[in-house]
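Data first, discussion second: the structure below is written as structure tokens.
In this note's numbering, the protein residues as written are 1 to 157.
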């Protein structure tokens, strides 16, 4: 008898928990749409393509900017001019025979700045990148609207 009462009490407790969970897990249409938009892989991919298109537009804009480069070199060593008959060295400044010639440090700084005055191809690249960005933005919108339509159709079916 005690077992039957214990089983009956357990079933009542479990039923209450199950019914309580079902009521709190009921999703509205807006919840379903939000979940679908957040988790749909095609929409996430379309958003990534939109970001890549924006970066492509920025990269195409970079073709209009000047290019600047700089380099620096430093060297120090000895200058050897060999006189073959007696294997001694000739100083290039005094034209005397010496064993070796010290050479001071050589430092070089090189700066270079270039800018293309006019290249029609750069304009076309920029306009193409701008169109790609607009297309990617519209693809995101279309993917979202398709998903919303599918969710509403499933929700009301």
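Note that beta-carbon positions come from the ideal geometry of N, C-alpha and C, so glycine has one too.
Through-space distance from residue j to residue i, alpha-carbon basis
i, j, result
"residue 129", "residue 144", "23 Å"
"residue 135", "residue 48", "13 Å"
"residue 138", "residue 157", "28 Å"
"residue 45", "residue 125", "24 Å"
"residue 117", "residue 61", "14 Å"
"residue 76", "residue 106", "6 Å"
"residue 64", "residue 122", "7 Å"
"residue 39", "residue 146", "14 Å"
"residue 27", "residue 37", "15 Å"
"residue 153", "residue 31", "15 Å"
Whole-angstrom C-beta distance between residue j and residue i, which should lie under 8 Å
i, j, result
"residue 132", "residue 53", "5 Å"
"residue 35", "residue 155", "12 Å between Cβ atoms; not a contact."
Other residues of its chain near residue i: CB distance less than 7 Å, five sequence neighbours each side excluded
i, result
"residue 66", "113, 114 and 115"
"residue 127", "none"
Sub-8 Å separation of residue i and residue j beta-carbons
i, j, result
"residue 50", "residue 151", "no"
"residue 108", "residue 73", "yes"
"residue 71", "residue 110", "yes"
Contacts around residue i, its chain only, beta-carbon distance under 6 Å, and the 5 residues preceding and following it disregarded
i, result
"residue 42", "143"
"residue 148", "33"
Cβ-based neighbour list, residue i, same chain, cut-off 8 Å, excluding 5 preceding and 5 following
i, result
"residue 56", "129, 132 and 133"
"residue 25", "none"
> Curious, which full-length beta strand (DSSP E) runs of at least 3 residues does the region 23-79 contain?
Replying inline: 67-79
> Taking the runs of the beta strand (DSSP E) that are 3 residues or longer, which of them lie wholly in the region 100-125?
Replying inline: 101-114
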